[in-house]
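The listed protein sequences derive, respectively, from chains A and B.
For the first sequence, the positions run 1 to 557 when full-length UniProt numbering is used.
For the second sequence, the positions run 1 to 557 when full-length UniProt numbering is used.
A virtual CB, placed ideally from N, CA and C, is assigned to each residue, including glycine.
Number of protein chains: 2
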Amino acid sequence: MKVTENPLSFFALGGINEIGKNMYVVQYEDEIFVIDCGGKFPDESLLGIDLIIPDLTYLEENRDKIKALIVTHGHEDHIGGIPYFLRKLSIPIYATKFTLGLIELKIDEHRLRGDTELLTIDSNTKLEFEKVQVSFFKVSHSIPDCLGVVFHTPEGNIVHTGDFKFDLTPANNQYADIHKMAEIGQQGVLALISESTNAERKGLTPSEQMVGSHMDEAFIKASGKIFVSTFASNVNRVQQVVESAMKTNRKIALLGRSMVNIVDVAMERGYLTMPEGMLIDASEVDKLPAEKVAILCSGSQGEPMAVLSRLASGNFRDVTIYPGDTVILAASPIPGNEKDVSKIIDNLFQLGAKVIYGSGSTTGMHVSGHGYQEDLKLMLTLMKPTYFIPIHGETRMLHHHRMLAEAVGVEKGNTFIIKNGEVVDIENGVARQTRSVPAGDTYVDGMGVGDVGDIVLRDRKQLSEDGMLVVVITISKADRKIISGPDTITRGFVYARDSDELLKEVNRLVKTTVNDLQSENIHKWNVMKQNIKKSVGQYLFNQTKRKPMILPIIIEI
Amino acid sequence: MKVTENPLSFFALGGINEIGKNMYVVQYEDEIFVIDCGGKFPDESLLGIDLIIPDLTYLEENRDKIKALIVTHGHEDHIGGIPYFLRKLSIPIYATKFTLGLIELKIDEHRLRGDTELLTIDSNTKLEFEKVQVSFFKVSHSIPDCLGVVFHTPEGNIVHTGDFKFDLTPANNQYADIHKMAEIGQQGVLALISESTNAERKGLTPSEQMVGSHMDEAFIKASGKIFVSTFASNVNRVQQVVESAMKTNRKIALLGRSMVNIVDVAMERGYLTMPEGMLIDASEVDKLPAEKVAILCSGSQGEPMAVLSRLASGNFRDVTIYPGDTVILAASPIPGNEKDVSKIIDNLFQLGAKVIYGSGSTTGMHVSGHGYQEDLKLMLTLMKPTYFIPIHGETRMLHHHRMLAEAVGVEKGNTFIIKNGEVVDIENGVARQTRSVPAGDTYVDGMGVGDVGDIVLRDRKQLSEDGMLVVVITISKADRKIISGPDTITRGFVYARDSDELLKEVNRLVKTTVNDLQSENIHKWNVMKQNIKKSVGQYLFNQTKRKPMILPIIIEI
Chain A
1 MKVTENPLSF
11 FALGGINEIG
21 KNMYVVQYED
31 EIFVIDCGGK
41 FPDESLLGID
51 LIIPDLTYLE
61 ENRDKIKALI
71 VTHGHEDHIG
81 GIPYFLRKLS
91 IPIYATKFTL
101 GLIELKIDEH
111 RLRGDTELLT
121 IDSNTKLEFE
131 KVQVSFFKVS
141 HSIPDCLGVV
151 FHTPEGNIVH
161 TGDFKFDLTP
171 ANNQYADIHK
181 MAEIGQQGVL
191 ALISESTNAE
201 RKGLTPSEQM
211 VGSHMDEAFI
221 KASGKIFVST
231 FASNVNRVQQ
241 VVESAMKTNR
251 KIALLGRSMV
261 NIVDVAMERG
271 YLTMPEGMLI
281 DASEVDKLPA
291 EKVAILCSGS
301 QGEPMAVLSR
311 LASGNFRDVT
321 IYPGDTVILA
331 ASPIPGNEKD
341 VSKIIDNLFQ
351 LGAKVIYGSG
361 STTGMHVSGH
371 GYQEDLKLML
381 TLMKPTYFIP
391 IHGETRMLHH
401 HRMLAEAVGV
411 EKGNTFIIKN
421 GEVVDIENGV
431 ARQTRSVPAG
441 DTYVDGMGVG
451 DVGDIVLRDR
461 KQLSEDGMLV
471 VVITISKADR
481 KIISGPDTIT
491 RGFVYARDSD
501 ELLKEVNRLV
511 KTTVNDLQSE
521 NIHKWNVMKQ
531 NIKKSVGQYL
541 FNQTKRKPMI
551 LPIIIEI
Chain B
1 MKVTENPLSF
11 FALGGINEIG
21 KNMYVVQYED
31 EIFVIDCGGK
41 FPDESLLGID
51 LIIPDLTYLE
61 ENRDKIKALI
71 VTHGHEDHIG
81 GIPYFLRKLS
91 IPIYATKFTL
101 GLIELKIDEH
111 RLRGDTELLT
121 IDSNTKLEFE
131 KVQVSFFKVS
141 HSIPDCLGVV
151 FHTPEGNIVH
161 TGDFKFDLTP
171 ANNQYADIHK
181 MAEIGQQGVL
191 ALISESTNAE
201 RKGLTPSEQM
211 VGSHMDEAFI
221 KASGKIFVST
231 FASNVNRVQQ
241 VVESAMKTNR
251 KIALLGRSMV
261 NIVDVAMERG
271 YLTMPEGMLI
281 DASEVDKLPA
291 EKVAILCSGS
301 QGEPMAVLSR
311 LASGNFRDVT
321 IYPGDTVILA
331 ASPIPGNEKD
341 VSKIIDNLFQ
351 LGAKVIYGSG
361 STTGMHVSGH
371 GYQEDLKLML
381 TLMKPTYFIP
391 IHGETRMLHH
401 HRMLAEAVGV
411 EKGNTFIIKN
421 GEVVDIENGV
431 ARQTRSVPAG
441 DTYVDGMGVG
451 DVGDIVLRDR
461 KQLSEDGMLV
471 VVITISKADR
481 KIISGPDTIT
491 RGFVYARDSD
501 ELLKEVNRLV
511 KTTVNDLQSE
521 NIHKWNVMKQ
531 NIKKSVGQYL
541 FNQTKRKPMI
551 LPIIIEI
């Protein structure tokens, strides 16, 4: 019997019951390994928030034990939190060559390069720590150079899949190590930690090859210019667009900062090839015949300031979409972005463009990078884990994933559906979930990290819905008479010019409230303010059915 | 040759390039007919707005010519604006018995019943006006008692389809008048005005019958309680749930105000039948064995205060969801509601419920009420119109609908893709689009209709993203000295307790700014305020990368 209380444990600091801010932790005694450090984009209820990152409290408190930050691949929800992580923790980062390229872009933006130890690994790397060894296996996904991770611990092997699908005909040679996975499974897997994004979708994910053949077809049919919008990081798809362009004698122009930067990284590091002279500058597009050009652009998620949106509304300087041009949306809207993407499609139709859009299964222009149910079952079958922990998904996806695991033989009761922060401890081959570590959302707002919380957001919400009213009154310290005011200012509440009467009545009310209190000899500011808020609030609600924030300011002179 | 300038015209005051606030106008000389008066729910960019209704300027300016408001069916996007319409215009409303029932619910809520002339029509009604006759035909849709409208004018016949699908096996006998449509087409249609909601979707809409058989199956399989959430107004679907419950010996409870009210209207007016004693009160649910109860509830769109959401989070007083209960979502999320609906599904899984959800084509629990491409082509084929005006859809849907029309024989150039307010005039058999009438969004915010516009919304947006900072300073009129302040108050910007230093520096800056101006002998308030805004704004942005609204208040005593 071991005596250590928690020899082996696993938990998530982000990525469970959500899509985004992935961060997972494997700990064996005093060796901590962090997997991924993602960001998450806030939904519209988080007013003004720019990014959400994981709560790093546990890691900060145990900083001396952390051996590595291992990054499985270069998507935002796996690397977006890294600059904030690095400001607090000086830990070596291990990732593949392409992933490191994207991490470098990011930390350069934040001017953090100097401080960071970046270590290149590949699927053959073996890392030896004091008690734990870490090895890797290749997986297919919608970005090059993705890894799954195996932690070899004295208690047993823990496998983290990273994001994956099985694609037997991937673009750009991004094959998965199926034989190696089988071998890992044969050696015995104590716990499998596997992503769940598409656990609700039946069947097997279609192959990236499908996109290639549809892309070819669209290029052959098109007469005018062709615009293709996709995630720049989907380099394998970018490669297929390049190939369709080669077959139809079109030059390629790149529009958008992320497209230019990432293609640059990909070409420099050997993940994307283009013949000499094929790449042209945006300014050359309109000088060539329309049928000689294809344009790769960012903004496929409908981001209002990105290239595609500006092209669609005719606000892009260098390039114009003319009637008869073809626009291909080779990406699916991420949930929440549907409306912005639809707006762009509407604008493109208004310009007279031929627009190829819609779900990948309709157009053939997009396939998911995340495995469907049969992919997930294949991984579970290859790994034959004793314990199973579904991660990287909303609650319903985790539950579906559990059902899949049970269908292929994981024992009932051996799946742990945990929340961020809930720890699965494994000791003597037995897993238990009893304790938790701090976990939650840390908000990034401008320069501030974690300085905006519930009170600030609650105020923003009230301000956003009904605006505010400031009322200022100056009172003499000597005789308690009102010297000046009340004066009211409103913003976001009503049109000032239509509200003379309303605001005059507010001033009358404030005066009465103050006089009434004074006649009772009550002069405390907070009582006055409370009473002003109450009477003015009630009056405004009766008149307008709105509840602006009321800020009474009393100045004593 | 006629001499009147615009004998026959058509335009939309809402419903084009959008889904919502449908309102269409057919005018022949001095006879105006208004079709539908819908509301539209604002997206999250319209902070604090409760509802959007059409701009009624044209109708108010021509109130004496308006003969009728004809309402095709009782969905919110066709009746939601009626209370606001009635406050400005006293016009008789024509609708079928069920549609009037829903309109009455609505105007009773607004206490407007006394003033309104409500006239019951059915598909056999013929309305005779001075120059125009109006007749009707039945269409199938996802609510009972829907009509298409024919305007017989001296210039020719104009057909407005209302919302429709072709369903040859509808629930509840809601058959369309296909023979009558064929006859109308034979008589000659000058212009067809047809809805476009599903113009992007290939094939024929599935029949409501499909839902019935899947519902039966789910009821037979279920062991615990069954919850079905759907639009209350989809009475035909409610009827099918009732029938599944009868077959499996379950009683029915209704949860949610809209469910109770609309079922009430439907039963009273003969659109829904239930055996005596089948309906039980919510309070009885937990007294019966779980397998003896089915619950119909509202909230299928994820509305946070509606029943389904409260059930899913365990906050509903009378009824509880236990592990093993079945919850059926028999509705598709309207675009924009996906996240709220997903949250509910997540919560239901956490409660241990069996959840049947997802697109209708996967679960069989929902079919659209709007015709797909083949339905739309069938309508176009039946009507054989000379001119075609697609309505009720976003831009891309209108363009698809145009392509469908051309595919079945509408001449190229004879389709008018218009915007709200753009008028199609037809004279001597020739249609032209050259002029416009006022059209746009009128915002309802609390009691105010149309009193919130761009400035108020812009302020709300700024307040919502970065909050605000009020700075008050009192200056002596006599010697221009600062008597009190500067004092700062912030809301929605930063935590006050963490920002002492920041706000002290703001006060220093304000003092310096005021002193600097005074030393140059500048005492104008607006210059002072401008300079304070500028210096404080710049400082705060440098420190925080946020741009709160800055409100300087200068009091002179």
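- B/A330 carries a coil assignment under DSSP once its states are collapsed to helix, strand and coil.
- In the DSSP annotation of this structure, B/Q350 is not part of any beta strand (DSSP E); the continuous alpha helix (DSSP H) holding it starts and ends at E338 to Q350.
- DSSP, read as helix, strand or coil, puts A/A431 in strand.
- Using beta-carbon distances, B/V536 does not count as an interface residue toward chain A, since no partner is under 7 Å.
- Per DSSP, B/F98 is one residue of the alpha helix (DSSP H) stretching across K97 to E109.
- Judged by pairs of C-beta atoms under 8 Å, the region 274-293 of chain B touches the region 243-258 of chain B, as three or more such pairs exist.
- Residues of chain B with a Cβ closer than 9 Å to the Cβ of A/P83 do not exist; the shortest Cβ-Cβ separation is about 14 Å.
- Counting along the chain, A/T363 sits inside no beta strand (DSSP E); it lies in the alpha helix (DSSP H) bounded by residues G360 to T363.
- A distance below 7 Å separates the beta carbons of B/L190 and B/T386.
- The residues G39 and V444, in chain order, have a CB closer than 6 Å to that of B/L51 in the same chain once the five nearest residues on each side in sequence are set aside.
- When 8 Å is used as the limit between beta carbons, A/M468 is near these residues of chain B: L463, M468 and R491, in chain order.
- In terms of beta-carbon proximity, A/I334 stays away from the interface with chain B, with every pair separated by 7 Å or more.
- A/E520 carries a coil assignment under DSSP once its states are collapsed to helix, strand and coil.
- With respect to A/T395, A/D55 sits apart: the two C-beta atoms are not nearer than 7 Å.
- A residue is called buried when at least 16 other Cβ atoms come within 10 angstroms of its Cβ; B/V132 meets this threshold and is buried.
- Spanning the alpha carbons of A/S368 and A/T205 requires a straight line of approximately 7 Å.
- Per DSSP, B/Y84 is not a residue of any beta strand (DSSP E); the alpha helix (DSSP H) it occupies stretches across I82 to K88.
- The alpha carbon of A/E406 has as its nearest neighbour, out of A/H179, A/L376, A/Q433 and A/K165, the alpha carbon of A/L376.
- Inclusion of A/Y28 and A/A12 in the CB contact set at 7 Å is not warranted, their separation being larger than that value.
- Exclusion of the five residues before and after A/M549 leaves D459, Q462, L463, D466, G467, M468 and L469 as the residues of its chain whose Cβ lies within less than 8 Å of its Cβ.
- Non-local C-beta neighbours of A/E422 in its own chain, meaning closer than 7 Å and more than five positions away in sequence, comprise F11, Q433 and S436, ordered along the chain.
- Annotated three-state conformation of A/I262 is helix, per DSSP.
- One thing to note: B/T120 has its Cβ within 7 Å of the Cβ of B/K97.
- By the criterion of at least three beta-carbon pairs nearer than 8 Å, the region 254-263 of chain B is not in contact with the region 176-192 of chain B.
- In the three-state scheme derived from DSSP, where H, G and I count as helix and E and B as strand, A/A245 is classed as helix.
- Under the three-pair Cβ rule at 8 Å, the region 407-427 of chain B does not count as touching the region 493-510 of chain B.
- Put simply, the backbone Cα of A/L551 is about 14 Å away from that of A/L540.
- Of the other Cβ atoms in all chains shown, fewer than 16 fall within 10 Å of the Cβ of A/L168; this residue is therefore exposed.
- Annotation: the continuous beta strand (DSSP E) that includes A/T490 extends over I482 to R491.
- Secondary structure of A/V189 (DSSP, three-state): strand.
- Put simply, the CB of A/H399 is near chain B, with a gap under 7 Å to one of its CB atoms.
- Apart from the 5 residues on each side of it in sequence, B/S476 sits with its Cβ closer than 7 Å to the Cβ of I483 and I557 in its chain, given in chain order.
- Around the beta-carbon of A/V228, 16 or more other beta-carbon atoms lie within 10 Å, marking it buried.
- Between the region 172-191 of chain B and the region 212-227 of chain B there are fewer than three inter-stretch CB-CB distances shorter than 8 Å, so the stretches are not counted as touching.
- Closer than 9 Å at the C-beta level to chain B, one finds these residues of the region 342-356 of chain A: S342, K343, I345, D346, N347, L348, F349, Q350 and V355.
- In the displayed model, B/H370 falls within coil according to three-state DSSP, outside both helix and strand.
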